[in-house]
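**Q** After the structure tokens below, expect a handful of questions from me.
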Amino acid sequence: MMRFQHKFRALINLLIALSVAFASAHLPTFAAATPAEKPQAPATGLSELVLQLRWDHQFQFAGYYAAQWMGYYEEEGFTVDIRPAFTEDESEILDAALEVQEGRADFGVGAANLMIAQDAGMDLILVASIFQRSAVEYCTLLEDRGNTVFDLSQLHIARRPGDLLDLELQALFASEGITPFATRTTDITRDFTLEDLIRGDFDVVPDFLGQIPYAASKAGIPVKVIRPAEHGIDFYGDTLITSAKLANANPELVERFRRASIKGWTYALEHPMEISELIVERLKLPEAVPETAPEMQALKDFNAYQATKVLELTHYPIVEMGNINPFRWIKMAEAMKSLGMIEEVPDLNAMIFDYDQIKVTQLETTRKNLAIAFAILTGFLTLFFLVYLKRRNGLLVKEISDRQLAEHKLVLSNARYETIFRSSVLGITVTDANGRIRHVNDAWCSMTGYTADKLCEMNINQLIAPESREIDAEQHRDLMAGRITSYSVEKKYLRKSAGGWGDGTIGNGGNGGQTRSDKGGQTPTESSAKAPASNTTTSNATAPKDHFYGRMVLTRIWDSGSDTMLNMSMVTDITREVEDAAALRRAETLIRYQGRMAAMGEMIGSIAHQWRQPLHTLKLVLMNLRDPGNEPDYIEASYQKASALIRRMSETIDDFRYFSSPRTEPRAFTVAESVRLVLGLVDEQLRVSGITLETENLELLPIIGFDNQFSHVLFNLISNAIDALKQNPPGLARAIHIAGQQTENALYIRVADTGPGISAKDADQIFEMYYTTKAAHGGTGLGLPMARSIIESTFGGRLTLISAETAKPAELAGSPQKSTEDSLATTWRTVFEIELPLTRKAGAAS
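Adding 38 to a residue's 1-based position in the sequence shown gives its number in the working numbering.
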């Protein structure tokens, strides 16, 4: 039977292994951190990637340089070789799309030419659109010519075969019904310059990112600029691309490269002068040129000018960096198809990189393959389980027959034991390992003078004289340890009344039980000279009335047939211990499960609490936008505000997801920055609710930590103050005051309001989880506990509620500069204070 079970278990393990192998062979593969067909760098362990630019090094590609120089690429696990479009001898301009398609580059920068490459059979993926508008423009010195698109078509325009700058020009003519022309072209690979116009080589030259207008302004020459975007040709500009092969094989790497590049572009646009100087120093001039040389300064000035152009083209920060609008790409493709540049409009949904969608697709594939593997496993298991049941059924029939025979023998054995136990002339007792008496026969009762019930309440040592209790201690330990199987020893026994001499036998069962038999015997001095059986009557006549001597034979019994009752007791005790341990494990498992569920519920509740306020603000913004007569500036400001709220809500998900393990490194930030961020999110509510908010002395030393979490604390305190002030009746002041104070040891930030205040009862419980004073208004009791947890665990500080009855108004506001009259004019009823230790400020950290 056991042999068959081992074989069946081995077969099941083999089937499981085969099913897992099948599933693994059909699951989507995920490369660890390296791009397709590229080895890791042996020195650093970072992946080596290649980014192919579409032109020479300049501020046009500043974000990629920033990501490299600021370490964003290294943080994501790779180094990047950023290559210009010109070959070393500058005899050829490399096509970024072709370089990516043929595997010489992992990523590239392109624009409208991507549609042509896709139409030609290349399998490319759009990762991020950096320039939301094309940087192509056309320049002329003819002020009285080219006023219309038709006039422009009559001029001598500089064109290059296959030039990307020419695509938008043809689209511009086609939009006005002018057939794109096939005029002569030039084979020069250099940039078109202002000199081409001055010499009269061309009437119109193409330009990119304002190079010719910049040179003309320096030379004092007026130049006219024609932009296709101003005539409805809405083409995307520089866009980050990769191959479909890499995107599908390693979406994690593409997402990490996109994320690092976006961070680099954000840094470059927020620090344009720093990146401009680095571009000149590291990329544009040879080492022999001193920093004070005119060439160096001229390049720095040009990069600074180009930075302003790039900022306009990215629409940052109004449009999210890297945003891709499929509809605009479709319009581009349709325009190019109408020009005969491409034959078909590509499937933009498949062409745009969507990391989340790729993961969902891969997950669905995984599920399908696992379902197939599970079906195969289930089929094999069912087949073999039926075979096992048939075999098992036959074995069970035999086992039942054998057990019935064993039980019959056991009944006979028990009957035999009971007969011997009851009828024996020897005194017999059964004890456990601790000596507690479990069972006695009539002979032992007669020898000791106690009833059976009384004896079962006693310990065997109570019947042994003190001087005899330890004489066999070493032998007893050897017996219990299994080193011996039995031993015999003579002891002095106590009894309740006079009785006879005896010879005893004690048996120790599997759980330490002992079986003892005693028969009348000799005194210790007589035992060596006289036989026990032949001197029973004689010895009994001289025995003392309060004790007797007996020889004890102690045996450890293992055979279940020797003592069924004792053996059954052992089994019952062990079973109870096993059941108790299992119950304890089940209880511990249940407690852990409830703990996890409670933590999950708390986190979900916190997210809902943080989202409720931004959603309400969004509703107010949208309602105000419906008002007739809104100015364009107001509409634009409302759009930016709504975008900020949406970004804030998206960041909230990540903040709570990485609350215990933040996903970014701590950085230096100021209280003023966090306050300005929060006020930008709640100013609509302040305006609608008629609440004034003042700040004072917030330009404190920087803090080292997680600025998003500190902003959450301020956001919660200000939101609570707004909710409280809404309860003020008309005529009462509605004001919030945020003040800062800096001492030698700490920074203090106080948030005060003129609301109805917090009662003493509520003040004692306000920081307890799930306790809320706003139950009728949808409060969850999670905001303040979470805020206190952030301040204490993340910043090592304290968040406390200050009693309004024990502080003057000016003190509560933290405003020593205010006059006494101004301070007393406002009663701050609720004041929260944030204390941050000085060791957390930037100055101390350095």
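Glycine is no exception: its CB is placed at the ideal position from the N, C-alpha and C atoms.
Pull up the distance between the alpha-carbon of Ile796 and that of Val869, whole angstroms please.
**A** 10 Å
**Q** Using the C-alpha atoms, what's the distance from Asn288 back to Ile195?
**A** 45 Å
**Q** Assign Glu871 to one of three DSSP states: helix, strand, or coil.
**A** strand
**Q** Determine the direct distance from the alpha carbon of Gln106 to that of Glu703, and round the result to whole angstroms.
**A** 18 Å
**Q** Starting from the Cα of Leu179, find the closest Cα among Gly141, Gly215 and Ile264 and give me that residue.
**A** Residue Ile264 is the option with its Cα nearest to Leu179.
**Q** By alpha-carbon positions, which one of Arg197, Ile787, Val348 and His353 ends up nearest to Gly248?
**A** The shortest C-alpha separation from Gly248 is found at Val348.
**Q** Return the chain-ordered ranges of every beta strand (DSSP E) run that is complete within the region 443-524 and spans a minimum of 3 residues.
**A** 465-469 and 475-478
**Q** Mind checking Asp860: buried by the 16 CB within 10 Å criterion, or exposed?
**A** Any reading at Asp860 needs caution, since the residue's pLDDT is 44, under 50, leaving its predicted position unreliable; the model's value is listed next. Exposed, by the Cβ-count rule.
**Q** So is the beta-carbon of Arg320 under 7 Å away from any non-hydrogen atom of the ligand ADP?
**A** Annotation note on the ligand ADP: not contained in the displayed structure, which lists no ligands.
**Q** State the beta-bridge partners of Pro244 as determined by DSSP.
**A** Residue pairing for Pro244: DSSP places it in a beta bridge opposite Tyr176.
**Q** How far does the alpha helix (DSSP H) with Gly302 in it extend, from its first residue to its last?
**A** Taken as a continuous stretch (DSSP letters only), the alpha helix (DSSP H) holding Gly302 covers Pro289 to Glu308.
**Q** Cα-Cα, which of Leu91, Glu445 and Asn286 is closest to Ala388?
**A** The shortest Cα separation from Ala388 among Leu91, Glu445 and Asn286 belongs to Asn286.
**Q** Name the residue from Arg294, Ser727 and Met370 whose alpha carbon lies nearest to the alpha carbon of Ser85.
**A** Arg294
**Q** Could you pull the DSSP bridge partners for Phe124 from this structure?
**A** Ile131
**Q** For Ala579, which of helix, strand or coil comes out of DSSP?
**A** Below a pLDDT of 50, predicted positions are generally treated as unreliable, and Ala579, at 36, falls in that range; no measurement from the model is reported.
**Q** Could I get the ranges of all uninterrupted beta strand (DSSP E) runs contained in the region 100-124, with 3 residues as the minimum, in chain order?
**A** 116-121
**Q** Assess contact between the region 353-362 and the region 155-171, defined as three or more Cβ pairs (one per stretch) separated by less than 8 Å. Is contact present?
**A** yes
**Q** So Asp204 is in the alpha helix (DSSP H); what residue range does that whole segment cover?
**A** Looking at the DSSP string, the run of the alpha helix (DSSP H) that includes Asp204 is Leu203 to Ser213.
**Q** Using CA coordinates, which residue listed in Glu358, Asp385, Ile300 and Ala519 is at the minimum distance from Ile368?
**A** Nearest to Ile368 by C-alpha distance, out of Glu358, Asp385, Ile300 and Ala519, is Asp385.
**Q** Candidates Leu205, Leu408 and Ile236: which alpha carbon is nearest Ile259's?
**A** Ile236
**Q** What ranges does the alpha helix (DSSP H) occupy inside the region 338-408, keeping only unbroken runs of at least 4 residues that lie completely in it?
**A** 364-376 and 386-389
**Q** Based on DSSP bridge pairs, tell me the residues matched to Leu162.
**A** Ser281
**Q** With DSSP as the reference, label His95 as helix, strand or coil.
**A** coil
**Q** Alpha carbon to alpha carbon, what distance is there between Lys338 and Ser255?
**A** CA-CA distance, Ser255 to Lys338, rounds to 16 Å.
**Q** Measure the alpha-carbon distance for Gln442 versus Asn431 and round it to whole angstroms.
**A** 16 Å
**Q** Short of 7 Å in beta carbon distance, which residues of its chain neighbour Thr304, apart from the five on each side in sequence? Order them along the chain.
**A** Closer than 7 Å at Cβ, skipping near neighbours: Met359.
**Q** Would you report the Cα separation of Ala519 and Tyr808, rounded to the nearest angstrom?
**A** Roughly 58 Å between the two C-alpha positions.
**Q** Do the region 127-139 and the region 341-355 meet, that is, are 3 or more Cβ pairs less than 8 Å apart?
**A** no
**Q** Would you please state the rounded distance, in angstroms, between the beta carbons of Val174 and Pro266? I believe it to be under 8 Å.
**A** 6 Å
**Q** Whole angstroms are fine: how far does the CA of Phe753 sit from the CA of Glu782?
**A** 27 Å
**Q** Look at the Cβ atom of Pro244, then the Cβ atom of Tyr354, and state whether they are nearer than 8 Å.
**A** no
**Q** Looking only at DSSP bridge pairs, what is Thr781 linked to?
**A** Bridge partners of Thr781: none, in fact.
**Q** At what residues does the beta strand (DSSP E) containing Gln90 begin and finish?
**A** Ser85 to Gln90
**Q** Counting only the same chain and skipping the five closest in sequence on each side, list residues whose C-beta sits under 6 Å from that of Phe240.
**A** These residues qualify, in order along the chain: His194, Ala196 and Asp234.
**Q** Determine the direct distance from the alpha carbon of Pro875 to that of Asp394, and round the result to whole angstroms.
**A** 41 Å
**Q** Less than 8 Å between the C-beta atoms of Tyr531 and Gln513, yes or no?
**A** no
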